[in-house]
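So the sequences go chain by chain: A and B.
At position 178 of the first sequence the residue is numbered 178 (UniProt numbering), and the sequence of numbers has no breaks.
At position 412 of the second sequence the residue is numbered 412 (UniProt numbering), and the sequence of numbers has no breaks.
Worksheet: one structure, shown below.
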Amino acid sequence: MRKFLGNKAAILLFTLPALLLYTVIVFYPILQTFYRSTFEWDGLSEGTFIFLDNYIRLFQDSIFYTSLYNGLVFAAILAFVQIGIGTVLAFAVAEGFRGSKILRISYFIPVVLSITVVCQLWLAMYNSEYGLINKVFEALGISYRQDWLTDSKTAIFAIAFVNAWQYMGYQFALLLAAVKSVPEQYLEAARIDGASKFKAHLKITIPMLAETYKFCLVLAITGGLNAFANMFIMTGGGPGNSTYTLTYLMYRSAFRVGEFGYGSAAAAFLVIECLIVTLAINKLIARERITF
Amino acid sequence: MKKMAVTLVSLLAATTLAACGSTSEPKETSSATKAPTAAATTAPAKADAKPVKLRIYAQYADEDTKTPYDYAVAELKKEMPNVELELDIQAQDDGQKLKTYAATGNLPDIFQAGLDIIDTFKKSNNILMLDEYVTKFGFKDKMQPSAMNTLVTDDGHTYAFPYAGNEVALLYYNKDLFQQNGVKVPTTYDEMMAAVKAFNAKGITPLSIFAKEKWPCVALYDMFVTRAEPGGINKLDKGTAKAEDAAYKTAAEKIIELVKAGMLPKGATNLNYDQAAALYHEGKAAMFINGQWEIEAATKALGDKAGYMYIPAADAAAYDKGKTAFSGSGGPGGYAVSANTKDKELAAKVASFISLKYAEYKFTNRSNPIVATKVDKPVVKQFPPMMEQLSKDIPKITSTTAFSWGLSNPKFKAALEDASQNLMTGNYTADQFVKDLNKAAVTAK
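Here's what the structure looks like:
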């Protein structure tokens, strides 16, 4: 086996197809996008080279700042809800109690639902006239009826929550698997030393989940910055352009306005933004690997 | 782990890019472009002509688009039995699919095109100029004189055979609701405000609008503008007026005031057509805004109770003067021909024929007298009374503007759509509105 793994030709033979595929479908389009972002281009005709003009325009565009802000809000809500609630649920289910198996499955159900179905469901719940959420406030006697999706200030929060809710099950599954893989003897030792269950988890389990959290955080934040489908279905970016994200700005530029070059600049910015965030997370949560 | 994360991000990025680079869903065209040989180019109208298959990209979504298309195709079978049409149903996607077809050199032989498609395809040489065929097939003679603006674009050339005439946006109302509640049909902004307050007091929605779509918001704004500036949004689009001009700013202010007073249903910017129309059709909303194509549905739901009103204005004098300025209009568009089709004349002939028959059916069977071409066949289905009224109004119209899809500057169009939708929320100022429009106008090319 060792001899085989040392064979450079064999390594090349087996990795080449994957590498080739990756280059063609991932790397090449990214390069193309960067290249095209330096053009004034309608997607069909030749296009004129304008170097960085698209980027300069991007930084002067108020929609860009709205999009940037919304992307960050979206990412923050995703990270907070998915990882926060996901952790609580993972610990609860990992403890194992009557019905925990059913809960484990039910938390995951929204993940497998189509995003369209989920959005339609929440559209009905958010409805300002007869939606469930306002009705609950009404039933409780609290006067807090809201125009959830049509108020330009609250809309992005409402939409982000839908996405956070839908994919929380996914983060929960990852966290649960990680919690379960923490060796029992560590917790047992802590318990013998007189630590409470809460304290044992806080001091032992959670630090041991660092790698998992890193992964979950990257997922949540890049997912938030990239968000598109939810606003496309639920508000169409509206009211006005209050629920735009960079992906939506890209869509609007390319397909509604016919400025593919400008859209590519937004896309290129998004790639850079995601890379920076990923590298930052990796740097900040860097720690020595724990081996069990 | 690091590697994995980076890979993951790259993957995410790639999916994002896929949306931008090319939403290509290339469809096999081999069957579609089995085009006629050179021998078949001489007006193949007879049954002995060689069989030809043409690919056509057309609207085929509801009764209003399916039945006229089916009729046109059936008529084509009689006239040119050798031509077989392969239908590719038009997607509601701002022309993305069609543009992708063009980008991948896969454009259907015939396609429905609006002004933005014509402008884009003109630049990239994808659309066939039809000037010679318009006269050769006698299409020009069949045009309604009042609809000639739908035949020729700004550069003086024809790129599509139009079928839709100059359509208008109307403010519908429920006569019974106004009468029962003792509300005067408004002629001025003050009366409109009084009506809004009166209906709200009774728990009736004053005006229903499907503002999740952006064009009805633009239409409502345009209606208010036309009272003081008959050129409406068209003037902004052409750059002959500025958003800060009194007519444009006042219209925004008035709408904001009315929206704040509760003119629109709650959550209006999240209502789709079905939800908004239901409010009006079920007598829960006193007014409704839509194009003239709503006449049939409104009459079906409300019968004699349905009507349309002239838009209120600043005062009585402006109201009388503004009655003849209508919002909406038509622009160049219709069935166009790909520049790369094998037999250009044949494709143009089929496109022209389909347009004529499409309009004919809309006129005779769909209660729609607003078509681009003259129809010499008798009406099968009588026009509803509102349509009769509109037919009388049309000759008196002194000016029309545009629907948002008739605007020529896509950047301004997108900005106006977003800003108009914002007007419907009530938490937007007229100054902000002007600022947002100016931004698009200044950098517009």
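Quick reminder that beta carbons are idealized off the backbone N, C-alpha and C, glycines included.
These figures come from a predicted structure and were not determined experimentally.
Where residue i falls, given that 16 or more other Cβ within 10 Å makes a residue buried
i	result
T135/B	exposed
N368/B	buried
Y35/A	exposed
I289/B	buried
Q166/A	buried
Q92/B	exposed
R98/A	exposed
K377/B	exposed
P207/A	exposed
K99/B	buried
F215/A	buried
Contact with chain B by residue i, beta-carbon distance below 9 Å
i	result
K8/A	no
S114/A	no
N70/A	no
K153/A	yes
N54/A	no
V162/A	no
E138/A	no
R256/A	yes
L123/A	yes
N127/A	yes
R191/A	no
G240/A	yes
Nearest residue (CA-CA) to residue i, options the options
i	options	result
F199/B	K212/B, L236/B, T188/B and G262/B	G262/B
L346/B	L128/B, D64/B and K97/B	L128/B
A92/A	P207/A, V218/A, A177/A and G131/A	A177/A
V51/B	E167/B, N82/B, K78/B and D62/B	Contrary to the premise, residue 51/B reads as Pro rather than Val in this sequence. Checked all of E167/B, N82/B, K78/B and D62/B; the closest Cα to P51/B is N82/B.
F353/B	Q144/B, A49/B, A61/B and Y71/B	Y71/B
K357/B	D62/B, L54/B, K66/B and A61/B	K66/B
N409/B	A243/B, K374/B, K266/B and L236/B	L236/B
Q432/B	I256/B, A277/B, A113/B and I311/B	I256/B
A155/A	T212/A, Y213/A and P239/A	P239/A
T235/A	Q185/A, L149/A and S67/A	L149/A
L275/A	T222/A, T116/A and W122/A	T222/A
A351/B	D62/B, K53/B, D109/B and T104/B	D109/B
I56/B	V168/B, L76/B and D88/B	D88/B
H157/B	A164/B, N149/B and Y163/B	N149/B
Unbroken beta strand (DSSP E) run spanning residue i, endpoints
i	result
P206/B	T205 to S208
K53/B	V52 to A58
D88/B	V83 to I89
V168/B	E167 to N174
A286/B	A285 to G291
M309/B	A306 to M309
9 Å Cβ cutoff, residue i in contact with chain A
i	result
D94/B	yes
K254/B	no
P51/B	no
A414/B	yes
Q112/B	no
N340/B	no
A45/B	Confidence at A45/B is low in this model, with a pLDDT of 48, below 50, so the placement of that residue should be treated as unreliable; the coordinate-derived value is given next. Not closer than 9 Å to any Cβ of chain A, the Cβ of A45/B fails to qualify, so no.
G267/B	yes
A201/B	no
F161/B	no
S124/B	yes
Run of the alpha helix (DSSP H) containing residue i, from where it starts to where it stops
i	result
I85/A	That residue, I85/A, is in no alpha helix (DSSP H); it is neither H nor E in DSSP.
E388/B	P385 to D393
Y224/A	Note that residue 224/A is Gly in the sequence shown here, rather than Tyr. First-last of the alpha helix (DSSP H) with G224/A: A210 to L225.
I192/A	E184 to I192
A351/B	K344 to N365
F111/B	No alpha helix (DSSP H) contains F111/B, which is instead part of the beta strand (DSSP E) from I110 to A113.
V337/B	Taken as a continuous stretch (DSSP letters only), V337/B belongs to no alpha helix (DSSP H), being part of the beta strand (DSSP E) at G334 to V337.
E257/B	A246 to K260
Chain C contact for residue i (CB, 9 Å cutoff)
i	result
Y428/B	Given the protein chain composition of this structure (A and B), no chain C is represented.
Residue i versus residue j: straight-line alpha-carbon distance, rounded
i	j	result
A325/B	M287/B	20 Å
I192/A	E138/A	50 Å
G291/B	F80/A	45 Å
L437/B	A241/B	12 Å
G84/A	N127/A	27 Å
G237/A	G261/A	21 Å
D154/B	K123/B	14 Å
Y107/A	A94/A	13 Å
V88/A	E63/B	53 Å
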